[in-house]
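Each protein sequence line maps, in turn, to chains A and B.
So for the first sequence, our numbering puts the first residue at 32; every next one is plus one.
So for the second sequence, our numbering puts the first residue at 84; every next one is plus one.
Virtual Cβ for every residue (Gly too), placed ideally from N, Cα, C.
Since the structure is predicted, the reported quantities are computational estimates derived from the model, not experimental observations.
These notes concern the structure reproduced below.
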Amino acid sequence: MSSPTPNHDDVVHSEPFLRSLMRRQLALSIACAATFLVALLGLPLLNYFAPAFMATRLAGFTLSWLILGVLFFPFVWIISYVFIKRSLRLEEAEVQDLHHVSQK
Amino acid sequence: MNLPLAFFGGVDPWIFTFSFITVAITLWMGFRSAKTSKTASDFFVAGRSVSVGWNASAISGEYLSAASFMGIAGMVMSSGYDALWYPVCYACGYLFLLLFIAGPLRRFGAYTIPDFAEGRFDSPMFRKIAVCFVLFIGFFYTMPQMKGAGVTLAYIFPGLPYWVGVVLVGAVITLNVALGGMKGITLVQAVQYWIKLFAITVPIFVLMAVVGFYNGQVGANLAYGETNASAANLNHATGIERKPLVAKAPADPAWIAPFGPLTTKAVNAAAAALPAEQRAAFLAEHQKPYSLVYTYSLIIALVCGTAGLPHILVRFYTNPDGVAAKKTTMWVMILIGVFYVFPPVFGVIGRNLMPELYSGVGAKGTDKVVLELPTLISAKYGVVGSILSGITCAGAFAAFMSTFSGLLVSMTGALAHDVYGRMLRPKSSSAERMVAFKLAAILIGGVAVTLGCFVEPLEINFMVGQAFAIAAASYFPLLFMSVWWRGMTMKGAATGMLTGGLCALGAAALTNLGTLALDKGPMGKIFAGFAPLNGYWAEHPLLRILCEQPAIWSVPLAITLMIVVSKATSAQVPADIRMKMLVLHAPEKLGLKQEYIQDHQAGAGH
């Protein structure tokens, strides 16, 4: 490789750095996705196995209707807010770590 | 011939005025920005510098289509609870986009999905394959927009045939896009979001204040195990009035509860084909399990499909960086989530107070409930009903105009930028490409209008769901796997995307042909040859469900193929894969993107 510019042997370009970078970000994404999927995929199961309970009336709505038609939206906003906060913090930490290592 | 006069005979001046103003504003903004966008890059991604607020509004404006504005209300009215999955998953699908795709994709930096496909795998060949799906998904998505146009114009001008509305609206938007390009569209789309939110919330709040609120309106329907007496008590408490349901409307318990008419249609059709004494046993055994499969498949299609819509993804490149891309996605979820609470309310009130729509077909059916419902209060408040109906019509125009122009831009971009600029005439000048853009816009607009004329019997929302299913089985696996798995090869990606996407496309087309064959109008005659398909499905209801909602098998199929073929061709993983992965995942502050470009240019020079 006769590329003139950067030096590819530093920390940034090392295999361990990339692995830890991807693993940390993926772990966060998967945790958020799991929370979301449990609710999303669990609701049909509740409807299936507990129809009488899900038909309980709450202010006119059935429980099932209230969850899907109204409550689901704020639930997803909360997940996305938490994800963004944490993922920005994660990026910040990655940059900090690198500076730390390169100063040594 | 005094036909034109007949069209204007039953026109309500308020409804006409509001609609006309919306169209005029949209066109004016398009033309105005045509003057300011000069270079080819302006046309494709708006010079790539749009703030988070503008971009989130623009994405929302583009996303909230005729399906969101009219289709959801119509489908909630016709099918009840099961249709609620649509608005919820339309909004929540953005979470997958946010968690797995938005940030990395923006960091990689490319104009379009085909750009990404080429850059990630260093393969111009793969670009050509990826471009096809921009067009496949796009055309499936334009059909329901065209139906929205046809229905709305047929409502405003009562004598107007459905196809005239389709042609008229299609021609106007095509012209607008050909002259304005995307720069205009970003501004127009952002404004359109706020028009749509206004147009759905103001009429529904006035309506609810007059006829009773959302909870009471839902409560007027009997649920599982409730008797008429308990409902009478409930209605007395909330003061909700109801008109008697017509014969075609689903009964209360099936409508308000999960696993209703939408998801059990195939099993019910199969039961109807059986001898009477076997029906009850057949339904007891198959109805609920099969409708659970239907529900899950629908959820997978909508959630994964959102993360693979080309006309939405192209907008993420207009964010300045990956952080802005993530913030934009969150704001989009909030903006569209707020919107999606309201369309089902129209459907619920429509069921209680406008049941005659159940008897209508095509442009006269439940898909127009959003437009017509506000006239309910005309009897009490006179002209207010017309004004509110005019506002919802304006919102409907904003909905199908903005989505159709967004689709047109991304499809035209694929044709002009990829097919013409990269494949046919790589050496063409900037001016030639601009001409190509305009011609491509007219060509695609023409095809979309033609397709739109055929789909009057199909539900708007259902058709959009099909576009999502195709995106879920093609672009979603491609993006998700290429971003997170470095072992992907071009052959693996192409095999998975093509097989999954084409299977979903074929299944969706078959379903539509079967439904069109059942139509009692002119379309039934044209597509009569496909009637035997329905007979076959009556014998195999599960196959019908898997064909109508293919995501449950096509998405895993695409991902499995990607893994298997990539493993088999693992020698062909791009050589600089580590650098590519770094660019996708490392924070921008590390400046790896610049380095990557230099490397690439240096590499290309050898």
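DSSP on residue i, reduced to helix/strand/coil?
i       : result
R508(B) : coil
T195(B) : coil
L89(A)  : strand
Q300(B) : helix
S148(B) : coil
F240(B) : coil
A129(B) : Reliability fails at A129(B), whose pLDDT of 49 lies under 50, so the model's placement of it is uncertain and no value is given.
G688(B) : Caution is warranted here: a pLDDT of 41 is assigned to G688(B), below 50, making its placement in the model unreliable, and no coordinate value can be reported.
D41(A)  : coil
T36(A)  : Since pLDDT at T36(A) reaches only 46, below the 50 mark, its modelled position is unreliable, and no value is offered.
E455(B) : helix
F281(B) : helix
G248(B) : helix
S51(A)  : helix
R210(B) : helix
A123(B) : Note on A123(B): pLDDT 45, under 50, position unreliable in the model; the coordinate value appears next. Note: A123(B) maps to helix in three-state DSSP.
D450(B) : helix
M112(B) : helix
V101(A) : helix
N78(A)  : helix
I27(B)  : It is not possible to answer for residue 27(B), since the shown part of chain B is limited to 84 through 689.
By the DSSP assignment, the alpha helix (DSSP H) with residue i in it spans what residues?
i       : result
G176(B) : 168 to 179
P344(B) : 344 to 355
F537(B) : 513 to 537
H668(B) : 660 to 668
D335(B) : 335 to 339
I184(B) : Premise fails: I184(B) is in no alpha helix (DSSP H) and is neither H nor E.
I432(B) : 426 to 436
M564(B) : 558 to 567
V466(B) : 466 to 496
A384(B) : 359 to 389
A156(B) : 155 to 162
L673(B) : Run containing L673(B): none; DSSP gives neither H nor E here.
L94(A)  : 94 to 97
Which residues in chain A sit within 8 Å of residue i, going by Cβ to Cβ distance?
i       : result
C369(B) : With the sequence shown as reference, residue 369(B) is identified as His, and Cys is not the correct amino acid for it. In chain order: nothing, as chain A lies at least about 14 Å away.
R661(B) : H44, E46, L49
So which residues on chain A does residue i lean against when the C-beta distance must stay under 7 Å?
i       : result
L183(B) : The residue asked about is misnamed: residue 183(B) is Phe in this sequence, not Leu. Result: S60.
N298(B) : A90, G91, F92
T378(B) : P75
V301(B) : G91, F92, W96
W567(B) : L57
M160(B) : Near M160(B) there are no residues of chain A at all, since even the closest Cβ is about 14 Å away, more than 7 Å.
K650(B) : Going along chain A, no residue has its Cβ under 7 Å from K650(B), so there is no contact; the nearest lies around 19 Å.
P69(B)  : The question about residue 69(B) has no answer, for chain B in this structure spans 84 to 689.
I417(B) : W108
Residues of chain C with a CB under 7 Å from the CB of residue i: which are they?
i       : result
K463(B) : You won't find chain C in this structure, because its protein chains are A and B.
In chain B, what lies closer than 9 Å to residue i by C-beta?
i       : result
Q127(A) : None at all; the shortest Cβ gap to chain B is about 10 Å.
L71(A)  : V171, C172, C175, I382, V386
By the criterion of Cβ-Cβ separation under 7 Å, what are the contact partners of residue i in chain B?
i       : result
I115(A) : K409, K410, M413
V42(A)  : Within chain B, no residue comes near V42(A); the closest Cβ sits about 10 Å away, beyond 7 Å.
L119(A) : V406
Please compile the residues from chain B whose C-beta is within a distance smaller than 8 Å of the C-beta of residue i.
i       : result
I110(A) : L178
L99(A)  : Y164, L167, W168, V171
A64(A)  : L178, F179, L182, F183
A81(A)  : Going along chain B, no residue has its Cβ under 8 Å from A81(A), so there is no contact; the nearest lies around 11 Å.
Show which residues of chain A have a CB atom less than 9 Å away from the CB atom of residue i.
i       : result
L665(B) : V43, H44, F48, L49, L52
V424(B) : G100, V101, F104
P673(B) : What sits at residue 673(B) in the sequence shown is Leu, not Pro. Correct list: V43, E125, V126, L129.
What I want to know is whether the C-beta of residue i ends up closer than 7 Å to one or more non-hydrogen atoms of the ligand HEM.
i       : result
P393(B) : Ligands in the displayed structure: none, and consequently the ligand HEM is not present.
Point to revise | Given 8 Å, three or more beta-carbon pairs between the region 249 to 264 of chain B and the region 566 to 582 of chain B | key: Between the region 249 to 264 of chain B and the region 566 to 582 of chain B there are fewer than three inter-stretch CB-CB distances shorter than 8 Å, so the stretches are not counted as touching.
**Study point:** Segment contact flag, the region 109 to 125 of chain A with the region 398 to 412 of chain B, C-beta cutoff 8 Å, min 3 pairs
**Key:** Touching, yes.
**Study point:** Ranges of the alpha helix (DSSP H) found wholly within the region 601 to 656 of chain B, counting only runs of at least 4
**Key:** Listed in chain order, the alpha helix (DSSP H) elements of length 4 or more contained wholly in the region 601 to 656 of chain B are 605 to 609, 614 to 622, 624 to 631, 634 to 651.
Review point. With contact counted as at least three CB pairs below 8 Å, one residue from each stretch, are the region 80 to 93 of chain A and the region 140 to 156 of chain B in contact?
Key: No, the region 80 to 93 of chain A does not touch the region 140 to 156 of chain B.
**Study point:** Inter-stretch contact at 8 Å, needing at least 3 Cβ pairs: the region 592 to 605 of chain B / the region 647 to 667 of chain B
**Key:** In the pairwise beta carbon analysis, the region 592 to 605 of chain B is classified as not touching the region 647 to 667 of chain B: fewer than three pairs are separated by under 8 Å.
Check your understanding: Using 8 Å as the threshold, is the region 446 to 456 of chain B in touch with the region 473 to 490 of chain B, meaning 3 or more CB pairs across them?
Key -> Touching, per the Cβ criterion.
**Study point:** the region 483 to 495 of chain B in contact with the region 525 to 540 of chain B per 3-pair CB rule at 8 Å
**Key:** Taking a cut-off of 8 Å for Cβ pairs, the region 483 to 495 of chain B and the region 525 to 540 of chain B touch, as three or more such pairs fall below it.
Exercise for review: Would you mind listing the alpha helix (DSSP H) stretches within the region 398 to 423 of chain B that are 4+ residues and don't spill past its ends, in chain order?
Suggested key: Contiguous alpha helix (DSSP H) elements confined to the region 398 to 423 of chain B occur at 405 to 423, taking only those with 4 or more residues.
Exercise for review: Take every Cβ of the region 179 to 195 of chain B, pair it with every Cβ of the region 435 to 446 of chain B, and state whether three or more of those distances are shorter than 8 Å.
Suggested key: No contact exists between the region 179 to 195 of chain B and the region 435 to 446 of chain B.
Review point. Pairing CB atoms from the region 88 to 97 of chain A with CB atoms from the region 373 to 385 of chain B, are three or more of them under 8 Å?
Key: Under the Cβ criterion (8 Å, minimum of three pairs), the region 88 to 97 of chain A does not count as touching the region 373 to 385 of chain B.
Check your understanding: Does the count of Cβ pairs from the region 626 to 636 of chain B and the region 374 to 383 of chain B closer than 8 Å reach three?
Key -> In this structure the region 626 to 636 of chain B lies against the region 374 to 383 of chain B, because at least three pairs of beta carbons, one per stretch, are closer than 8 Å.
Review point. Contact between the region 412 to 426 of chain B and the region 158 to 176 of chain B: three or more CB pairs below 8 Å?
Key: Yes: at least three Cβ pairs fall under 8 Å.
Check your understanding: Quick check: the region 358 to 365 of chain B against the region 186 to 193 of chain B, are there 3 or more CB pairs under 8 Å?
Key -> Judged by Cβ distances under 8 Å, the region 358 to 365 of chain B makes no contact with the region 186 to 193 of chain B, as fewer than three pairs qualify.
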